[in-house]
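K.L.:
Just dropping this structure here.
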Amino acid sequence: MSPIRPVARRAAAAIAALLALASVAGCASSSDAPYTITDTWVKSADSGMTAAFGLLTNTTDDPVTIVSATSPVASKVELHEVVMGDGGAMVMQPKPGGFEIGPHETLTLEPGGFHIMLMGVKQPIVAGDDVEITLTMDDGSTLTFHAIAKDFAGANENYTGGVAASPSPSAAA
Amino acid sequence: MTERSQGAEERDDAPSGPSRRGFLYGGVAVGLGAAAGAAAGRAGLIPGGLPDRPDTAGVNGASTVAFFGPHQSGIETPPPAFVAYLCFDLRDDADRAALGRMMRLLSDDARRLMAGEAALADLEPELAARPANLVVTFGFGRELVRRADPGAVPAWLGPLPSFGIDRLDERWTGGDFLVAIGGDDAMTIAHAARLILRDADRFATLRWRQDGFRRSYGTDPSGQTMRNLFGQVDGTVNPVPGTQDFANLVWATEPGWLVGGTSMVLRRIRMDLDGWDKVDRAGRENTIGRRLSDGAPITGGRETDAPDFDAVDALGFPVISSDAHIRRAHGASPAERFVRRPYTYDETPPAGELSDVGLLFATFQADVERQYVPVQRRLAEADLLNVWTVPVGSAVFAIPPGCTDGGFVGETLLG
Chain A
1 MSPIRPVARR
11 AAAAIAALLA
21 LASVAGCASS
31 SDAPYTITDT
41 WVKSADSGMT
51 AAFGLLTNTT
61 DDPVTIVSAT
71 SPVASKVELH
81 EVVMGDGGAM
91 VMQPKPGGFE
101 IGPHETLTLE
111 PGGFHIMLMG
121 VKQPIVAGDD
131 VEITLTMDDG
141 STLTFHAIAK
151 DFAGANENYT
161 GGVAASPSPS
171 AAA
Chain B
174 MTERSQGAEE
184 RDDAPSGPSR
194 RGFLYGGVAV
204 GLGAAAGAAA
214 GRAGLIPGGL
224 PDRPDTAGVN
234 GASTVAFFGP
244 HQSGIETPPP
254 AFVAYLCFDL
264 RDDADRAALG
274 RMMRLLSDDA
284 RRLMAGEAAL
294 ADLEPELAAR
304 PANLVVTFGF
314 GRELVRRADP
324 GAVPAWLGPL
334 PSFGIDRLDE
344 RWTGGDFLVA
354 IGGDDAMTIA
364 HAARLILRDA
374 DRFATLRWRQ
384 DGFRRSYGTD
394 PSGQTMRNLF
404 GQVDGTVNPV
414 PGTQDFANLV
424 WATEPGWLVG
434 GTSMVLRRIR
444 MDLDGWDKVD
454 RAGRENTIGR
464 RLSDGAPITG
474 GRETDAPDFD
484 AVDALGFPVI
494 SSDAHIRRAH
504 GASPAERFVR
514 RPYTYDETPP
524 AGELSDVGLL
534 FATFQADVER
544 QYVPVQRRLA
554 EADLLNVWTV
564 PVGSAVFAIP
574 PGCTDGGFVG
584 ETLLG
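For the record, the sequence lines run as chains A and B. Counting in our numbering, the first sequence runs from 1 upward without gaps. Counting in our numbering, the second sequence runs from 174 upward without gaps.
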């Protein structure tokens, strides 16, 4: 767990958004779907909690809210944000109301920011695994995608429940 | 990155070597007038009389090499300025399924980084934004292929026959899995190597790393044959990329999973600069059979002209010595040829010595036994150059074919 400076976070988000635009521009099928997600990955974990990330785009003319998520590999999936905790350290917690995305906007899900929290991982998620996740929007539509698992030393923000996210085995060694 | 720079198009489409150079310079010379071009050449200016304007706009930083295609890039691709060869030993638990996961991960990293995009989970995306012709090429050692499918191991995939001149050091020899990372920018390569090492760590441990270089981007005209630290023009006799000859010599037609792939031999050849210092210029040219000034055969002509191996001097002795390097390296048949892709290394020498330099001598050929081994055997038997060069490292890899969008390198074996 390490404090994250807001300025650095904004810069990282801006860069990620630029990359998202380039990525989406290069994907021919993305314009057909109302909601798309690219650059998806999930932090590997033997058990417990881990998180998934990517670039989520609303291609419609109306705002949309992601209200829930599910995955066959986790007993529970939450939509999280990272905020400043009482002690001054960054903590993560469920985002009230879900993730809102404005018309033609992209939401960056990244370590230290918004992310999809997988809880109660049923079996080890190892590097290179393909993890399926389904998002449900407030209009009732769903978006199912696959995320590749990567060993990753970061994304260790404390959960408000006080339980740290499971570090990847390589980081723990 | 949806745009391609001019430099990228050159890399992707144009062959290197004599024909490409002839085209580029020839075109310029015609445009400016042949006389002006010739005058500029004599004056030692940039060939063709191009304005001597340095590239300070970062043009080459945006240059990219294609990742997808029937063949992996980095073989037919013009050699960039730098290379880092990372060679791994597989972890004991890296079975066939794990190797498939590893290649999916690493292919995704390579695809993104070569396009100038951050890899997934890349915390330094700014470093990925200047690909500078980054090119990542994967190679499989015997053990990797055996774990995937014991019946799929080509006969040539394993240690070369031992040669009398070899003084191989385990430190630079063998290995299960190779990642060759080339590019025109050492910073970009370092970032790519870090991400590859991070993602490979679960499956394999680093056995050795060898870093090499050539002239930097912009120093020589594109396509110029490199020089080694003996001062020799090195790698003149290469099949021309984009030709049927190149395809016939390089791309494998068996076994099935390797069709469109090739083989790579990487030899680390130490060069004795202290000993070379004792040899005068005539002796140096005689050793190779080429002029030092321009790489032309000592029987005359230009660099790319064929040596006249039958030429004799006034006393009846061969002009090109019977043991000259180019005579011994000359294939006994047209099939005994391959692609040479040498890079120079220059490392910290042992205490009391002045230098530890040499070549990372990579070759590509459809079949190691049929094409490479006969030539290497002749060189080991007799080659004047052996006095000053010693092979100290050796490794052989199968280079799987390329892949299409949605696929991964190695899928024909691991998919």
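Think of the CB as a built atom: it goes at the ideal place given N, C-alpha and C, for glycine as much as any other residue.
(1) Kindly list, in the order they appear in chain B, the residues whose Cβ is closer than 9 angstroms to that of residue 154 of chain A.
(2) According to DSSP, is residue 258 of chain B part of a helix, a strand, or is it coil?
(3) Rounding to the nearest angstrom, what Cα-Cα distance links residue 491 of chain B and residue 483 of chain B in this structure?
(4) Under the three-state reduction of DSSP, which class applies to residue 279 of chain B: helix, strand or coil?
(5) Quick check: the Cα distance between residue 83 of chain A and residue 93 of chain A, rounded to an integer number of angstroms?
(6) Once DSSP output is grouped into helix, strand and coil, what is the label at residue 366 of chain B?
(7) Could you tell me which chain B residues have their CB closer than 9 angstroms to the CB of residue 127 of chain A, listed as they occur along the chain?
(8) Is residue 202 of chain B close to chain A, meaning its C-beta is less than 8 angstroms from at least one C-beta of that chain?
(9) Can you name, in chain order, every residue of its own chain whose Cβ lies under 6 angstroms from the Cβ of residue 448 of chain B, other than the five neighbours on each side?
(10) Assuming residue 569 of chain B contacts residue 330 of chain B under a Cβ cut-off of 8 angstroms, what Cβ separation, rounded to an integer in Å, is found between them?
(11) Measuring alpha carbon to alpha carbon, tell me which of B:233, B:256, B:249 and B:316 ends up nearest residue 166 of chain B.
(12) Are residue 589 of chain B and residue 503 of chain B touching if we call contact CB-CB under 8 angstroms?
(13) Count the other CB atoms within 10 Å of the CB of residue 541 of chain B; is the residue buried (16 or more) or exposed (fewer)?
(14) Could you check if residue 488 of chain B is buried or exposed, using at least 16 other CB atoms within 10 Å of its CB as the buried criterion?
(15) Quick check: is any heavy atom of the ligand NAP less than 7 angstroms from the C-beta of residue 144 of chain A?
(16) Where does residue 296 of chain B fall in DSSP's three states?
(17) Give a yes or no on whether the minimum CB-CB distance between residue 39 of chain A and chain B is below 8 angstroms.
(18) Using a Cβ-Cβ distance under 8 angstroms, would residue 148 of chain A count as near chain B?
(19) Given a threshold of 16 other Cβ atoms within 10 Å of its Cβ, counted over all protein chains shown, does residue 444 of chain B qualify as buried or as exposed?
(20) Check this for me: beta carbons of residue 150 of chain A and residue 41 of chain A, under 8 angstroms apart or not?
(21) I'd like to check one pair, residue 143 of chain A with residue 109 of chain A: are the Cβ atoms closer than 8 angstroms?
(22) Do residue 342 of chain B and residue 565 of chain B have their beta-carbon atoms positioned less than 8 angstroms apart in this structure?
(23) Using 8 angstroms as the limit for Cβ to Cβ distance, is residue 384 of chain B near chain A?
(24) Near residue 354 of chain B, what residues of its chain come up, given a Cβ to Cβ distance below 6 angstroms and the 5 sequence neighbours on each side ignored?
(25) Using Cβ-Cβ distances below 8 angstroms, what residues of the segment 527-547 of chain B are close to chain A?
(26) Leaving out five residues before and five after residue 552 of chain B in sequence, what residues of the same chain have Cβ atoms less than 7 angstroms from its Cβ?
(27) Pull up the CB-CB distance for residue 254 of chain B and residue 388 of chain B, whole angstroms please, since I reckon it's below 8 angstroms.
(28) Which complete beta strand (DSSP E) runs does the segment 51-104 of chain A hold, if anything under 3 residues is left out?
(29) Taking only beta carbons into account, state which residues of the segment 321-338 of chain B come closer than 8 angstroms to chain E, listed in chain order.
(30) Just reading off the alpha helix (DSSP H) that residue 381 of chain B is part of, what are its end residues?
(31) Give me the chain A residues within the contact set of residue 262 of chain B, using Cβ-Cβ distance strictly less than 7 angstroms, ordered along the chain.
(32) In angstroms with no decimal places, state the Cα-to-Cα distance between residue 528 of chain B and residue 450 of chain B.
(33) Should residue 538 of chain B go down as buried or exposed, given a rule of 16 or more other Cβ atoms within 10 Å for buried?
(34) Report back the beta-carbon spacing between residue 617 of chain B and residue 531 of chain B to the nearest angstrom; my notes put them in contact at under 8 angstroms.
(35) Would you say residue 281 of chain B reaches chain A, if we count a Cβ-Cβ gap shorter than 8 angstroms as a contact?
(36) Fully enclosed by the segment 119-156 of chain A, which alpha helix (DSSP H) runs are 4 residues long or longer?
P.N.:
Let me lay it out:
(1) Here residue 154 of chain A corresponds to residue number 154 of the first sequence, with the count starting at 1. The answer, in chain order, is 294 and 296.
(2) Taking the first residue of the second sequence as position 1, residue 258 of chain B is located at position 85. Strand, per DSSP.
(3) Here residue 491 of chain B refers to the residue found at position 318 when the second sequence is read from its first residue. Here residue 483 of chain B refers to the residue found at position 310 when the second sequence is read from its first residue. Those two C-alpha atoms are separated by around 7 angstroms.
(4) Here residue 279 of chain B is taken as the residue at index 106 of the second sequence, counted from 1. The answer is helix: DSSP assigns residue 279 of chain B an H, G or I state.
(5) Counting from 1 along the first sequence, the entry for residue 83 of chain A is found at position 83. Counting from 1 along the first sequence, the entry for residue 93 of chain A is found at position 93. When rounded, the distance between both Cα atoms is 8 angstroms.
(6) Numbered from its first residue, the second sequence carries residue 366 of chain B at position 193. Helix at residue 366 of chain B.
(7) Counting from 1 along the first sequence, the entry for residue 127 of chain A is found at position 127. Per Cβ cutoff of 9 angstroms: 271, 274, 275, 278, 372, 374, 375 and 376.
(8) Position 29 of the second sequence, counted from the first residue, corresponds to residue 202 of chain B. The predicted model places residue 202 of chain B with a pLDDT of 33, which falls under 50 and marks its position as unreliable; any figure quoted below should be read in that light. No - not a single Cβ of chain A is within 8 angstroms of the one on residue 202 of chain B.
(9) Numbered from its first residue, the second sequence carries residue 448 of chain B at position 275. The answer, listed in chain order, is 561.
(10) Residue 569 of chain B sits at position 396 when you count from the first residue of the second sequence. Residue 330 of chain B sits at position 157 when you count from the first residue of the second sequence. Between residue 330 of chain B and residue 569 of chain B the Cβ distance is about 6 angstroms, and since that is below 8 angstroms, they are a contact.
(11) The shown model of chain B, from 174 to 588, leaves out residue 166 of chain B, and the question about it has no answer.
(12) This structure cannot speak to residue 589 of chain B, because chain B is shown only from 174 to 588.
(13) In the second sequence, counting from the first residue as 1, residue 541 of chain B sits at position 368. Answer is buried; the Cβ neighbour count reaches 16.
(14) As a position in the second sequence, residue 488 of chain B is number 315, starting the count at 1. By the 10 Å Cβ count, residue 488 of chain B comes out exposed.
(15) Within the structure as shown, the ligand NAP is missing, as the structure has no ligands at all.
(16) Sequence index remark: in the second sequence, residue 296 of chain B carries index 123 (1-based). If DSSP states are grouped into helix, strand and coil, residue 296 of chain B belongs with coil.
(17) Position 39 of the first sequence, counted from the start, is the residue given in the question as residue 39 of chain A. So, interface residue.
(18) On the first sequence, residue 148 of chain A is found 148 positions in, with the first residue counted as 1. For residue 148 of chain A, the answer is yes, since a Cβ of chain B falls inside 8 angstroms of its Cβ.
(19) Taking the first residue of the second sequence as position 1, residue 444 of chain B is located at position 271. Classification for residue 444 of chain B: buried.
(20) On the first sequence, residue 150 of chain A is found 150 positions in, with the first residue counted as 1. On the first sequence, residue 41 of chain A is found 41 positions in, with the first residue counted as 1. Yes, these two residues count as a Cβ contact at 8 angstroms.
(21) Taking the first sequence and counting its residues from 1, the one referred to as residue 109 of chain A is at position 109. Taking the first sequence and counting its residues from 1, the one referred to as residue 143 of chain A is at position 143. No, the Cβ-Cβ distance between residue 109 of chain A and residue 143 of chain A is not below 8 angstroms.
(22) What you label residue 565 of chain B is simply residue 392 of the second sequence in a count that begins at 1. What you label residue 342 of chain B is simply residue 169 of the second sequence in a count that begins at 1. Contact: yes.
(23) Residue numbering aside, residue 384 of chain B sits at position 211 when the second sequence is read from its first letter. So no, residue 384 of chain B is outside the interface.
(24) Taking the first residue of the second sequence as position 1, residue 354 of chain B is located at position 181. Correct list, in chain order: 257, 309, 362, 365 and 366.
(25) none
(26) Taking the first residue of the second sequence as 1, we reach residue 552 of chain B at position 379. Closer than 7 angstroms at Cβ, skipping near neighbours: 501 and 502.
(27) Sequence index remark: in the second sequence, residue 254 of chain B carries index 81 (1-based). Sequence index remark: in the second sequence, residue 388 of chain B carries index 215 (1-based). Residue 254 of chain B to residue 388 of chain B, Cβ: 7 angstroms. Contact.
(28) 64-70, 74-84, 90-94 and 99-101
(29) No chain E appears in the structure shown, which is made up of the protein chains A and B.
(30) As a first step, residue 381 of chain B must be located in the second sequence, where it is residue number 208. Taken as a continuous stretch (DSSP letters only), residue 381 of chain B belongs to no alpha helix (DSSP H), being part of the beta strand (DSSP E) at 377-386.
(31) Here residue 262 of chain B is taken as the residue at index 89 of the second sequence, counted from 1. The premise fails here: residue 262 of chain B is roughly 16 angstroms from chain A at the closest Cβ pair, so nothing lies under 7 angstroms.
(32) Residue mapping note: residue 528 of chain B aligns to position 355 of the second sequence, counting from 1. Residue mapping note: residue 450 of chain B aligns to position 277 of the second sequence, counting from 1. Looking at the two C-alpha atoms, the distance is approximately 12 angstroms.
(33) Working through the second sequence from its first residue, we reach residue 538 of chain B at position 365. Per the 10 Å Cβ criterion, buried.
(34) Since the first residue shown for chain B is 174 and the last is 588, residue 617 of chain B is missing from the structure and cannot be characterised.
(35) Taking the first residue of the second sequence as 1, we reach residue 281 of chain B at position 108. Taking Cβ atoms only, chain A reaches closer than 8 angstroms to residue 281 of chain B, which makes this a yes.
(36) none
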